[in-house]
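Counting in this note's numbering, the sequence shown runs from 3 upward without gaps.
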Amino acid sequence: MTANRGRWPKIDPDSGIEDAVLPILEWLGEQGVGAMIRVDAERVRDQKPAWTFAAGGGPLSHPLRADGATAQECLSRALVYLREAGVDVPF
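Written out as structure tokens, the structure is:
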């Protein structure tokens with residue numbers, strides 16, 4: 003989490019972020035940021051937030067991680083965290 007004291011940022015449920023996943027990952031790679039998104043089947047079974055976005059390197063001063071119950075939730079949080087870290091993803 004970021005400086006928001008443990009509160010997760012609000013997300014836009016109609017953003018369509020899932021459609022931009024590959025362009026976002028490609029853009030991050032072009033900026034020198036290594037990034038991935040994954041789903042953990044064990045966490046799905048346990049009904050826990052199963053999606054994880056992780057990124058590091060390039061302009062990021064420290065690794066970043068965002069979790070969510072859906073891919074959309076996870077990526078929306080990741081974009082907020084990236085922007086807070088000074089990486090303004092153009093999507």
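Ideal Cβ positions, reconstructed from N, Cα and C, are used throughout, including at glycine.
Roughly how many angstroms separate the alpha carbons of residue i and residue j, rounded to a whole number?
{"i": "D90", "j": "D69", "result": "19 angstroms"}
{"i": "T4", "j": "A87", "result": "Low local confidence applies: a pLDDT of 44 at T4 is under 50, so the model's placement there is unreliable, and no value is given."}
{"i": "W29", "j": "A73", "result": "18 angstroms"}
{"i": "S78", "j": "L24", "result": "14 angstroms"}
{"i": "R47", "j": "R67", "result": "21 angstroms"}
Can you check DSSP and say which residues form a bridge with residue i?
{"i": "D69", "result": "T54"}
{"i": "G36", "result": "G58"}
{"i": "V41", "result": "W53"}
Do residue j and residue i count as a contact pair if the criterion is CB distance below 8 angstroms?
{"i": "F93", "j": "A37", "result": "no"}
{"i": "V41", "j": "A56", "result": "no"}
{"i": "V35", "j": "G60", "result": "yes"}
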